[in-house]
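Participant: Sequence order for the protein chains is A and B.
By my numbering, the letter at position 140 of the first sequence is numbered 140, and the numbering carries on one by one without gaps.
Heads up: take any position in the second sequence, counting from 1, add 379, and you land on my numbering.
Glycine included, each C-beta is placed from N, C-alpha and C at the ideal position.
Would you mind keeping the following structure in view while I ask a few things?
There are 2 protein chains.
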Amino acid sequence: MSETVKVGLIGFGIMGKAHADNIKTIEGCQLVAVADSKPERLKSAKEQFGSDIAVFEDLDAMLDSGKIGAVFVAVPHYFHPEMAIKAFDKGMHVLIEKPAGVYTKHVREMNAAAEKSGKVFGIMFNQRSIPAHQKIKDLVDSGELGEIKRTNWIITNWYRPQSYYDSGGWRATWKGEGGGILLNQCPHQLDLWQWMCGMPAKVRAYCSFGKYHDIEVEDDVTGYVEYENGATGVFISSTGEAPGSNRFEIAADNGSLVFEGGKIAFWRNRVSERQFNKTFKGTFGTPECWKCEIPADGKTPNEQHKTVLQDWVNSINTGSKLLAPGAEGLNSLLLSNAMLLSSWTDTMIELDNFDDDMFFSMLQERIANSKANKKSNKN
Amino acid sequence: MSETVKVGLIGFGIMGKAHADNIKTIEGCQLVAVADSKPERLKSAKEQFGSDIAVFEDLDAMLDSGKIGAVFVAVPHYFHPEMAIKAFDKGMHVLIEKPAGVYTKHVREMNAAAEKSGKVFGIMFNQRSIPAHQKIKDLVDSGELGEIKRTNWIITNWYRPQSYYDSGGWRATWKGEGGGILLNQCPHQLDLWQWMCGMPAKVRAYCSFGKYHDIEVEDDVTGYVEYENGATGVFISSTGEAPGSNRFEIAADNGSLVFEGGKIAFWRNRVSERQFNKTFKGTFGTPECWKCEIPADGKTPNEQHKTVLQDWVNSINTGSKLLAPGAEGLNSLLLSNAMLLSSWTDTMIELDNFDDDMFFSMLQERIANSKANKKSNKN
Chain A
1 MSETVKVGLI GFGIMGKAHA DNIKTIEGCQ LVAVADSKPE RLKSAKEQFG
51 SDIAVFEDLD AMLDSGKIGA VFVAVPHYFH PEMAIKAFDK GMHVLIEKPA
101 GVYTKHVREM NAAAEKSGKV FGIMFNQRSI PAHQKIKDLV DSGELGEIKR
151 TNWIITNWYR PQSYYDSGGW RATWKGEGGG ILLNQCPHQL DLWQWMCGMP
201 AKVRAYCSFG KYHDIEVEDD VTGYVEYENG ATGVFISSTG EAPGSNRFEI
251 AADNGSLVFE GGKIAFWRNR VSERQFNKTF KGTFGTPECW KCEIPADGKT
301 PNEQHKTVLQ DWVNSINTGS KLLAPGAEGL NSLLLSNAML LSSWTDTMIE
351 LDNFDDDMFF SMLQERIANS KANKKSNKN
Chain B
380 MSETVKVGLI GFGIMGKAHA DNIKTIEGCQ LVAVADSKPE RLKSAKEQFG
430 SDIAVFEDLD AMLDSGKIGA VFVAVPHYFH PEMAIKAFDK GMHVLIEKPA
480 GVYTKHVREM NAAAEKSGKV FGIMFNQRSI PAHQKIKDLV DSGELGEIKR
530 TNWIITNWYR PQSYYDSGGW RATWKGEGGG ILLNQCPHQL DLWQWMCGMP
580 AKVRAYCSFG KYHDIEVEDD VTGYVEYENG ATGVFISSTG EAPGSNRFEI
630 AADNGSLVFE GGKIAFWRNR VSERQFNKTF KGTFGTPECW KCEIPADGKT
680 PNEQHKTVLQ DWVNSINTGS KLLAPGAEGL NSLLLSNAML LSSWTDTMIE
730 LDNFDDDMFF SMLQERIANS KANKKSNKN
C-alpha cells in the first residue's frame, strides 16, 4: 500500500466546503490543510473540521509547511496557473478547477512546470465521468461511428438573467473573469467536444459582447471549425436564450449520433456511407439505417466530482492513467481563446499557430478598459 | 365568373407528365398546349392528351399561337428567367419551377419584366403549402414567438450517392446546373427559412466542392448569417451524410421552436425572456416554460403542387394574393449565390449590396472550366 496523500485545499469559497466534504470521502487521501487569503473563510474551515485541519492565510506558508504533498486549486480562474506553478515548484501533485486559466500563454507555462516536476497533474473536468459522455467517446474511439464528417453542439441552455451578472461587480468583466460564456459556462462542453471528437485545426467564430446583458464580455457565440481530416463543426452557445437547447450531434461515416435530453441515439448505417457511395448502382438510394438506442445512465453532480478526485488520488498512489489530465485543460481554453481572437480580429484562426502573445495583449487592452464594477460605471 | 385560364406547359421532361396531370385537376384553367424542344417528348404528350392539346417545338410559336394566356415553365434552372421574360413580353401570366434561376442578375431581369407586364407571376414553392410550414410562419408572423434571436436549420438528409451524379453528364457541373446542393436540393429550405424568419442582412459561408463526390460543385455547406435585428443563424446542408438530419430551430424572445420529424414543439415562456431579464431579482432563474405540441398535419407532395397551381390560377382569375409570388424566388437564390460567393471570396457578404456582376463573372469562369461530362474527363 502506498502512503496516504496529504491534500491542501487552496480556496475555501462557495465551492470550498463542498470540495472539502468530497475530499474526506476519497480513499487513499486526507485533507490536512486549507489556504485562503480571507480570515473569515479560514474560521469557517476550522468550525467545519476542528483542530484536525491546519489553516493558512499565505499559500507559500502552506506549501512550505511540510504537512502536504498535493494541492487542489479551487480559486478564481486567473489564479489557477500561478498557484499550480508554485505548487509544482515545491514538488506537489496538483488538481486544478476548470478552466485551466484565462489565457493560453499562462496555461502553457503551467503545463511546462507540471511536465518538469513529474508530479501528477489533474483538472476537475467532472463531466468526463458521466457515463453518457464516456459512451459517446467510446463510440468514436472504438470506430463504431467511423470517420467523423461533422460535429455540432447547440448548447444554449446556459440562461443567465441580468441579476446574475449584477450579483458580483467582478462578474463578466475582462478584469474580473477575463471572459464570458466561453470561460465561465462552456468549459465542460468545450472540453467534452474536443475529448470526444478531437481538436479542430481551424476556428472561425462570431462572438457578441454584451448582446443580451449589460456586461463587457461575450454572451452569445457561434463558432465554425474545420478538422484536419476535412470534417466541419459548429458550436453555438448563449446566456440570452430561454429555454435554450442542449443538442450534440456527430455525423460520421457509419451513421450519426444525437445526444439530447440525456439520451444517445445512434442512427447506424448497415454499410458505411463511403462504401455505399462507391458501390451503389441506382440513382437514388441510402444505406440501410438502424436507430440504436444506446444505454447512457447518469450520475449525480456530487459523484462526478468524487470520481475525478478519486481518480487523481489513485494516479498519485498507483501511477494509473488520469481520466482528466491537467495538461488537457489547454485544449478547451485554446478553443475559447481562439473563438474570441477570431471575433476580435475577424479572421480564421489556425490552432497550431495560435498567437498566445497576441491574444494576451488584446486581452490586456480590454482589462485596461474594464469597468470593474458595472453598476457604478454604467452610462 | 372569369374566363378559363388557358395554360401552355413549357418542358415535358421527367416532371412534365405529372405537371400536366396536375394542371388538368385545377379549377378555372385548361391545359391547351405543350412546348418542348425534343420531338419525342411532344409525341408522348400527344399520346397522353390526344388531339385536345397543341404541341410546339418552338417556344415563340406557342407564345404567338393565340391559344394560351399563361405558361408554366418547367425546364432546367438556367432557362427559367429567359423563358419567363419571353412570356411576360408576350403578355402571359407565368408560373416557374424553382429555383428562380441560377444567378441573381438574370432573376432580377425576370422580376423587372414581370413587374412591367403587370401579369401574375408565381413560383412552384410547393412546400409553402405544407400545413406545418404555414403554422411555423404563423407563429412568427402573429408574434407568438416574439422577436427572433437565432435560427438554425440542419438539413443534411439530402444524401446522394456517386451513381446519382453519374446518371447525367450535366449533373453537378457548373455548365450543366450552375451549382450543387444549394441550387438543386436546398431551394425549398432556403425559401422556407427566409419566408418564415425573414432575409438575413449578411452571409458568411463555408462551402466544400466535390468533398464527398467526384463533382465540380458544392456538396457540403455551413452558412452563418446575421439579421438586421442582431439575430444570428446557421444553415447546414450536405449530400454526403447518411442518414443525415432535418432539424429546424428558432430561438426567440417568447421561447424556442423545434421542427423535426414532422412535429412542431414550441417551448413557450410564460413571460418573455427580455421581460424576465429586466425584472427577475434572484441570481439564478429562468422564465417558467411550457412545452406546447403544435398541430402540424401534412399533405402529400402531389397535393402540394396542386395547391400552388390552384393558387396561381385563382390569382389570375380573382386577383387574390399569391402564396408563392414569383418575385420572392430571388430571395432563396440570393442566399444560395451569397453562400457560394462568400466561399469563393472568403468574405462576409452583405445582401443589400450583393454584387450580381461579380457573382455572374465568377460563375462564368467556372463554367468555362467546366467538365461537362465528368466521367470522360476525369483524371
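Counting only beta-carbon separations shorter than 8 Å, does residue 630 of chain B have a partner in chain A?
Facilitator: Yes, residue 630 of chain B lies at the interface with chain A (some Cβ there is under 8 Å from its Cβ).
Participant: Quick one: using the 10 Å Cβ neighbour count with 16 as the cut-off for buried, is residue 295 of chain A buried or exposed?
Facilitator: Answer is exposed; the Cβ neighbour count stays below 16.
Participant: Hey, which unbroken runs of the beta strand (DSSP E) at 3 residues or more fall wholly within the region 515-549 of chain B?
Facilitator: List check, beta strand (DSSP E) in window: 527-534.
Participant: Short check: CB of residue 525 of chain B to CB of residue 631 of chain B, under 8 Å?
Facilitator: A contact, by the Cβ cut-off of 8 Å.
Participant: So which residues of chain A does residue 613 of chain B contact, with C-beta pairs closer than 8 Å?
Facilitator: What residue 613 of chain B touches in chain A: 222, 234, 236.
Participant: Quick check on residue 20 of chain A: buried or exposed, where buried means 16 or more other Cβ atoms within 10 Å of its Cβ?
Facilitator: Buried, by the Cβ-count rule.
Participant: Chain A partners of residue 662 of chain B, CB-CB under 8 Å?
Facilitator: By Cβ distance, chain A contributes 163, 164, 167.
Participant: Taking the C-alpha atoms as reference points, what is the distance between residue 446 of chain A and residue 103 of chain A?
Facilitator: Beyond the ends of chain A as shown, which are 1 and 379, falls residue 446 of chain A; an answer cannot be given.
Participant: Nearest CA to the CA of residue 200 of chain A: which residue from A/241, A/119, A/351, A/76?
Facilitator: Nearest of A/241, A/119, A/351, A/76 to residue 200 of chain A, Cα basis: A/351.
Participant: Spatial neighbours of residue 506 of chain B within its chain, please: C-beta separation below 7 Å, excluding the five flanking residues on both sides.
Facilitator: Closer than 7 Å at Cβ, skipping near neighbours: 512, 567, 571, 683.
Participant: For residue 711 of chain B, which three-state DSSP category applies?
Facilitator: Residue state, collapsed to three classes: helix.
Participant: Considering residue 33 of chain A, what are the terminal residues of the beta strand (DSSP E) in which it resides?
Facilitator: First-last of the beta strand (DSSP E) with residue 33 of chain A: 29-35.
Participant: Quick one: which chain A residues come within Cβ less than 7 Å of residue 793 of chain B?
Facilitator: Outside the shown range of chain B, which is 380 to 758, sits residue 793 of chain B, and nothing can be said about it.
Participant: Where does residue 481 of chain B fall in DSSP's three states?
Facilitator: In the structure shown, residue 481 of chain B sits in coil (DSSP, three-state: anything other than H, G, I, E or B).
Participant: Do residue 322 of chain A and residue 107 of chain A come within 8 Å of each other at the CB atom, strictly closer than that value?
Facilitator: For residue 107 of chain A and residue 322 of chain A, no; Cβs fall outside 8 Å.
Participant: First and last residue of the alpha helix (DSSP H) that includes residue 507 of chain B?
Facilitator: Run containing residue 507 of chain B: none; DSSP gives neither H nor E here.
Participant: May I have the straight-line CA-CA distance separating residue 308 of chain A from residue 17 of chain A, to the nearest angstrom?
Facilitator: Their Cα atoms are separated by approximately 17 Å.
Participant: Mind checking if residue 533 of chain B is an interface residue toward chain A, Cβ cutoff 8 Å exclusive?
Facilitator: Taking Cβ atoms only, chain A reaches closer than 8 Å to residue 533 of chain B, which makes this a yes.
Participant: Of all Cβ atoms in chain B, is any one closer than 8 Å to the Cβ of residue 267 of chain A?
Facilitator: Cβ-Cβ to chain B under 8 Å: yes for residue 267 of chain A.
Participant: Using a cut-off of 9 Å between C-beta atoms, extract the partners of residue 206 of chain A located in chain B.
Facilitator: In chain order: 583, 603, 605, 611.
Participant: Residues in its own chain within less than 8 Å of residue 314 of chain A by CB, not counting five upstream and five downstream?
Facilitator: If we look at residue 314 of chain A and ignore the five residues flanking it on each side, its Cβ neighbours are 28, 320.
Participant: Please tell me whether, using a cut-off of 7 Å, the distance from the CB of residue 490 of chain B to the nearest non-hydrogen atom of the ligand MG is below it.
Facilitator: With respect to the ligand MG, the structure offers nothing, as it holds no ligand at all.
Participant: Grab me the residues of residue 496 of chain B's own chain with a C-beta within less than 7 Å of its C-beta, minus the 5 sequence neighbours each way, in chain order.
Facilitator: Taken in chain order, the residues that qualify are 467, 470.
Participant: Quick one: list the residues of chain A neighbouring residue 665 of chain B, beta-carbon separation under 7 Å, in chain order.
Facilitator: Those are 159, 242, 243, listed as they occur along chain A.
Participant: Using beta carbons (cut-off 8 Å, strictly below), is residue 635 of chain B in contact with chain A?
Facilitator: Yes, residue 635 of chain B lies at the interface with chain A (some Cβ there is under 8 Å from its Cβ).
Participant: Just checking, does the region 427-442 of chain B make contact with the region 408-418 of chain B on the three C-beta pairs under 8 Å criterion?
Facilitator: Taking 8 Å as the limit for Cβ pairs, the verdict is that the region 408-418 of chain B does touch the region 427-442 of chain B.
Participant: Answer with buried or exposed for residue 14 of chain A, where buried requires no fewer than 16 other C-beta atoms within 10 angstroms of its C-beta.
Facilitator: By the 10 Å Cβ count, residue 14 of chain A comes out exposed.
Participant: Name the DSSP bridge partner or partners of residue 70 of chain A?
Facilitator: Answer is A/7, A/93, bridged to residue 70 of chain A.
Participant: How about residue 617 of chain B and residue 256 of chain A: are their beta carbons less than 8 Å apart?
Facilitator: No, the pair does not count as a contact, with Cβ atoms beyond the cut-off.
Participant: Would you call the region 153-172 of chain A in contact with the region 197-216 of chain A, where contact means no fewer than 3 C-beta pairs closer than 8 Å?
Facilitator: Segments in contact, yes.
Participant: Going along chain A in order, which residues have a C-beta closer than 8 Å to the C-beta of residue 590 of chain B?
Facilitator: Near residue 590 of chain B (Cβ distances below 8 Å), the residues of chain A are 230.
Participant: Residue 76 of chain A by DSSP, collapsed to three states: which one?
Facilitator: Looking at residue 76 of chain A - three-state DSSP - the assignment turns out to be coil, as it is neither helix nor strand.
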